[in-house]
Structures are given as C-alpha cells and as structure tokens.
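Asker: Pasting a structure below so you can have a look.
Residue numbers (our numbering), protein chains in the order written: chain A, 1 to 200; chain B, 1001 to 1200.
And the structure:
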C-alpha cells in the first residue's frame, strides 16, 4: 500500500523488541510526517553504535572504549568482582547503588543445547582475571547470574573454577523481594526462601 | 552508566512514539547484543526514507516517486476523489477495500491557532485538481477528514470551495460503528447518530 522505501522502513522497525506491524507503521508515519530530524539522528546513532561499540577488554560489557569507564575507575573496589549475564544487569546493580566493586559480563549463560560453552562466556578471560595478583588481585567473586536453571548451572561452574584459584566465591541472596507480599509470591521463591532461612 | 555512544542511541530511540526510557534501553541492548544486522538495516532504511521520501505531486501522500502508485493506477476510478488528513488514513480506507477512487492528503487540518492555513494543506493543488476537465475530471469529492472540531471546519471550507467549481461534494457518514453496542457508545456519537438518522 505504501511506497517501497516506506514499506522497507516499516519492516525494519519491526526488528525492535515489542514493536508489531501497527506500531511500526505508526512510528514510520510519525518520523516521516513530524520529525525527520530525529529520524536522521536515530539513523546516525544506530550506525555509529553498530560500527563502534564492542566489548570492554577487561569486563566484556558493551562499550566503544578499549577498557570501560567502570573498569578504569580507580575509586571502585578492585578486589570485588561481580559476575552478571548481561550489560543491562550491570545497570540494574549500579542503580541499586550499594555495590562498588567491578563487574564481569558473560553475555549469556551456559547452554549446551544452544552450543554456548565456557569459551563463549569469556570464562578464560575470567580465569586470567582471578589469577592476577597485582594490587592484591580479586579477593571475592560475587555471582549474580539469574536464578534460572541455566543461570544456576553457570554459577556452579564458575564457582568451582574460582575455588581452584583460591578466590572466595559468593552468590547473591534469593528469596521474597523487599516490599513483596507473601500472598503474591510464587511457590518456587517461597520454597527457596524457607530453605535459605537465616538465623535471627 | 553506559558509554557515550550507547547513551546517544538510547536517547535517539526515545524519539519514537510510545517509547520511554526503559523501552529505549531495552531496544538498544537488544540491537547491540542480539541483532546488529537488523540495527544496520534499520539505520539504512531510516536514512533512505528521510532522504528520498517526499510527497506525491498529485495527491500529496508520502512516496519516493514523483506520482504515487495509487494516482498512476489506471484501473481505479479517476472521477472520485477522497480527501483525508494523513497518509495513514489512506491505508485505513484501502484496507477496508470498498473504495476504488483516488485520494488527496491534507497532512493536517485547518488550525489558525497553530498557523495552519489553506496553503499548508495544499488546497491550491486540490483546487487545480477539481478544475481539471480531461477524461471527465473529478465528478465527486468525498470528504473524510476526522470528525473533530478542526476536521469538521476543514470539511466545510473544502466543501464550499468545491461547490464553486461545480463538483458534487459528500461527507462520509458518522454514527454508531458497525458491531458497536449502544451501551458503550459516547454521547456525542449517539446524538449525531440520532440527528443524522436515515429513512427506512
């Protein structure tokens, strides 16, 4: 119904998560009718990001720098390393604001069925980091992978490797969220909360 | 928290209608982590569309061609012309599938307070179209602007001009939608439906 270039744009917008055919059409019409400058800027930003953003050489988070700002920050505690699955997890932890160590981003979890092994998660690089002894090296490895079957398996795998390097390993706590009401918490979480109860 | 290029991308994605800070962040992470090819394609499509898509010389709808495919289609009824506010309205009518004439897109409605006058809506071009006499010219002008205050005012303005050119003018019907239940229809629509009742 639309001309070829507009159809192409609508199809391309559908690659965005949560955008279906109607939203894509609405976005295309909005950009072409009301805000061509923003559309041009978006095209430029996308291209720049796709071309230049890679992974930090130390923590593997997304960045266009060789080593990211977090890893370069000398005011952070370089003896703590937190392992997370995605760069968005880093943001979530940073927004909580009480962790001041460094991060290591796996970009996924172990999943033999999808062909994702230790090498894909950068566990060799993590092993090197744990082996470094300059300035005291890493003292504690905090594993914050998701509490899913794959996330737990990944946590166990990493914990075993870290122990052989003589590094203390911990896992973030799982249980009833603060502010949550027991009535609305799922059974799996409640069962875990009982099993992992702490002495008062 | 993210590197500058990623922050730029998140900010640029927020120009899309219905996309807030969280969605923009999710989209940026998705594109950079999972689908860089799609991101590159989207950048290319946006740039092409912004550079090349203009307005059809006859009906003013969005197209990269000089005259759009609808206006060039000789199998359509060139004696009927339907006036709509936006290119998306053309799509909606085409999807309904029972109108086979041509269109004229205003790209808005008369709105003195926003400085939108007849020239901005291409009413000079519409006047020329109505004055053309080749192949019988336009026999009926169907006005399908939105049933808002501005849309109605625009409809009245165009109708008066068209009558001076000796072209029959009609307005699409407004009332209770087919499949709608009276109980849930707003008062304005019901009042209009009563005032515009037809003889059975």
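Yeah, the Cβ is synthetic: ideal placement off N, Cα and C, and Gly gets one too.
Just so you know, these numbers come straight off a predicted model, no measurement behind them.
Relative to the alpha-carbon of residue 145 of chain A, which residue among A/108, A/118, A/123, A/117 has its alpha-carbon at the smallest distance?
Answerer: Your numbering for residue 145 of chain A matches position 145 in the first chain. Checked all of A/108, A/118, A/123, A/117; the closest Cα to residue 145 of chain A is A/108.
Asker: Buried or exposed for residue 1104 of chain B, please, with buried defined as at least 16 other CB atoms from any protein chain shown within 10 angstroms of its CB.
Answerer: Translated into the one-based positions of the second chain, residue 1104 of chain B becomes position 104. It is buried - the Cβ of residue 1104 of chain B has at least 16 other Cβ atoms within 10 Å.
Asker: Does DSSP classify residue 1002 of chain B as helix, strand or coil?
Answerer: In the second chain, the residue the question calls residue 1002 of chain B occupies position 2. Of the three classes helix, strand and coil, the one that applies to residue 1002 of chain B here is coil, per DSSP.
Asker: When you compare the region 126-141 of chain A with the region 168-183 of chain A, are there three or more beta-carbon pairs, one atom per stretch, that lie closer than 8 Å?
Answerer: Segments in contact, yes.
Asker: Can you give me the C-alpha to C-alpha distance between residue 1038 of chain B and residue 1030 of chain B, rounded to a whole angstrom?
Answerer: Position 38 of the second chain, counting from 1, holds the residue named residue 1038 of chain B. Position 30 of the second chain, counting from 1, holds the residue named residue 1030 of chain B. Cα to Cα, the separation comes out at about 10 Å.
Asker: Starting from residue 1129 of chain B and walking both ways along the beta strand (DSSP E), at which residues does that stretch end?
Answerer: Within the second chain, numbered from 1, the residue matching residue 1129 of chain B stands at position 129. Segment 1123-1131 is the alpha helix (DSSP H) holding residue 1129 of chain B; no beta strand (DSSP E) there.
Asker: Classify residue 11 of chain A as helix, strand or coil using the three-state DSSP reduction.
Answerer: Locating residue 11 of chain A in the first chain gives position 11, where the first residue counts as 1. Residue 11 of chain A falls in the helix class under three-state DSSP.
Asker: Looking at chain B, which residues of the region 17-41 of chain A have a Cβ within less than 8 Å of any of its Cβ atoms?
Answerer: Of all residues in the region 17-41 of chain A, 17, 18, 23, 25, 26, 27, 28, 29, 30, 31, 32, 33, 35, 36, 38, 39, 40, 41 have a Cβ within less than 8 Å of some Cβ in chain B.
Asker: Considering only DSSP beta bridges, list what residue 1104 of chain B is partnered with.
Answerer: As a working mapping, residue 1104 of chain B is identified with position 104 in the second chain. B/1083.
Asker: So with Cβ pairs under 8 Å, would you call residue 1071 of chain B a contact of chain A?
Answerer: Translated into positions along the second chain, residue 1071 of chain B becomes position 71. No, no contact with chain A.
Asker: Would residue 1079 of chain B and residue 1127 of chain B qualify as a contact pair, given that the criterion is a beta-carbon distance under 8 Å?
Answerer: Position 79 of the second chain, counting from 1, holds the residue named residue 1079 of chain B. Position 127 of the second chain, counting from 1, holds the residue named residue 1127 of chain B. Cβ distance not < 8 Å, so residue 1079 of chain B and residue 1127 of chain B don't count as in contact.
Asker: Looking at the strands, I want to know which residues DSSP matches up with residue 169 of chain A.
Answerer: Taking the first residue of the first chain as 1, we reach residue 169 of chain A at position 169. Residue 169 of chain A is bridged to A/141.
Asker: Which residues, taken in chain order from the region 44-71 of chain A, show a beta carbon closer than 8 Å to some beta carbon of chain B?
Answerer: Within the region 44-71 of chain A, the qualifying residues are 44, 45, 46, 47, 48, 49, 50, 52, 53, 62, 63, 64, 65, 68, 69.
Asker: Can you list, in chain order, the residues of the region 1125-1152 of chain B whose Cβ is nearer than 7 Å to any Cβ on chain A?
Answerer: Answer in chain order: no residues at all.
Asker: Residue 1110 of chain B CB to nearest chain A CB: under 8 Å?
Answerer: To locate residue 1110 of chain B, count along the second chain from 1; it is residue 110. Taking Cβ atoms only, chain A never reaches closer than 8 Å to residue 1110 of chain B, which makes this a no.
Asker: Residue ranges of each alpha helix (DSSP H) run of no fewer than 4 residues wholly in the region 1023-1096 of chain B, ordered along the chain?
Answerer: Whole alpha helix (DSSP H) segments, 4+ residues: 1036-1052, 1069-1072, 1087-1096.
Asker: Quick check: is the beta carbon of residue 1006 of chain B nearer than 8 Å to any beta carbon in chain A?
Answerer: Indexing the second chain from 1 puts residue 1006 of chain B at position 6. For residue 1006 of chain B, the answer is yes, since a Cβ of chain A falls inside 8 Å of its Cβ.
Asker: Check the C-beta distance from residue 1043 of chain B over to residue 32 of chain A and give it rounded, since I have them as a contact under 8 Å.
Answerer: In the second chain, the residue the question calls residue 1043 of chain B occupies position 43. In the first chain, the residue the question calls residue 32 of chain A occupies position 32. At roughly 16 Å, the Cβ-Cβ gap does not stay under 8 Å, so residue 1043 of chain B and residue 32 of chain A are not in contact.
Asker: Excluding the five sequence neighbours on either side, which residues of its own chain have a C-beta within less than 8 Å of the C-beta of residue 1110 of chain B, listed in chain order?
Answerer: Your numbering for residue 1110 of chain B matches position 110 in the second chain. Once the five neighbours on either side are set aside, the close Cβ partners of residue 1110 of chain B are 1116, 1117, 1118, 1121, 1150, 1153, 1154, 1157.
Asker: Rounded to whole angstroms, what is the Cα-Cα separation between residue 1091 of chain B and residue 1097 of chain B?
Answerer: Translated into the one-based positions of the second chain, residue 1091 of chain B becomes position 91. Translated into the one-based positions of the second chain, residue 1097 of chain B becomes position 97. About 10 Å.
Asker: For a contact defined as C-beta to C-beta under 8 Å, what are the partners of residue 3 of chain A on chain B?
Answerer: As a position in the first chain, residue 3 of chain A is number 3, starting the count at 1. Chain B residues near residue 3 of chain A: 1053, 1062, 1063, 1064, 1065, 1068, 1069.
Asker: Output yes if chain B places a C-beta closer than 8 Å to the C-beta of residue 82 of chain A; else output no.
Answerer: The residue labelled residue 82 of chain A in the question sits at position 82 within the first chain. Not one chain B Cβ lies under 8 Å of residue 82 of chain A.
Asker: In the DSSP assignment, find the unbroken alpha helix (DSSP H) run with residue 198 of chain A in it and report its ends.
Answerer: The residue you call residue 198 of chain A lines up with position 198 of the first chain. No alpha helix (DSSP H) contains residue 198 of chain A, which DSSP labels as neither H nor E.
Asker: Three-state secondary structure (DSSP) at residue 1149 of chain B?
Answerer: As a first step, residue 1149 of chain B must be located in the second chain, where it is residue number 149. DSSP places residue 1149 of chain B in helix when its eight states are reduced to three.
Asker: Report the rounded CA-to-CA distance for residue 187 of chain A versus residue 1004 of chain B, giving the unit in angstroms.
Answerer: Along the first chain, one-based indexing puts residue 187 of chain A at 187. Along the second chain, one-based indexing puts residue 1004 of chain B at 4. Using only the alpha carbons, I get a separation of about 42 Å.
Asker: Using DSSP bridges, identify the partner residues of residue 116 of chain A.
Answerer: Reading the first chain from its first residue, position 116 is the one you call residue 116 of chain A. In DSSP, residue 116 of chain A forms a bridge with A/111.
Asker: When the distance is taken between beta carbons, is residue 53 of chain A closer than 8 Å to residue 63 of chain A?
Answerer: Looking up residue 63 of chain A in the first chain gives position 63. Looking up residue 53 of chain A in the first chain gives position 53. Taking 8 Å as the Cβ cut-off, residue 63 of chain A and residue 53 of chain A qualify as a contacting pair.
Asker: Could you tell me the distance, in whole angstroms, from the CA atom of residue 162 of chain A to the CA atom of residue 148 of chain A?
Answerer: Here the question's residue 162 of chain A lines up with position 162 in the first chain. Here the question's residue 148 of chain A lines up with position 148 in the first chain. Distance between the alpha carbons of residue 162 of chain A and residue 148 of chain A: 21 Å.
Asker: Counting only Cβ pairs nearer than 7 Å, list the residues of chain B close to residue 13 of chain A.
Answerer: Locating residue 13 of chain A in the first chain gives position 13, where the first residue counts as 1. Those are 1042, listed as they occur along chain B.
Asker: Where does residue 99 of chain A fall in DSSP's three states?
Answerer: Taking the first chain and counting its residues from 1, the one referred to as residue 99 of chain A is at position 99. Three-state result, residue 99 of chain A: coil.
Asker: Measure the alpha-carbon distance for residue 47 of chain A versus residue 1019 of chain B and round it to whole angstroms.
Answerer: Walking along the first chain from the start, residue 47 of chain A turns up at place 47. Walking along the second chain from the start, residue 1019 of chain B turns up at place 19. When rounded, the distance between both Cα atoms is 20 Å.
Asker: Buried or exposed: which applies to residue 129 of chain A, given that a residue is buried once 16 or more other Cβ atoms fall within 10 Å of its Cβ?
Answerer: Here residue 129 of chain A is taken as the residue at index 129 of the first chain, counted from 1. Counting Cβ neighbours within 10 Å, residue 129 of chain A comes out buried, since at least 16 surround it.
Asker: So which residues of chain A does residue 1094 of chain B contact, with C-beta pairs closer than 8 Å?
Answerer: For the purposes of this step, residue 1094 of chain B is identified with residue 94 of the second chain, where counting begins at 1. Simply 1.
Asker: Where does residue 1085 of chain B land, buried or exposed, given buried means 16+ other C-beta within 10 angstroms?
Answerer: In the second chain, the residue the question calls residue 1085 of chain B occupies position 85. Buried, by the Cβ-count rule.
Asker: Run the CB neighbour count on residue 1087 of chain B, radius 10 Å, all protein chains shown included, and call it buried at 16 or more, exposed below.
Answerer: Within the second chain, the letter at position 87 stands for residue 1087 of chain B. By the neighbour-count rule (16 or more Cβ atoms within 10 Å), residue 1087 of chain B is buried.
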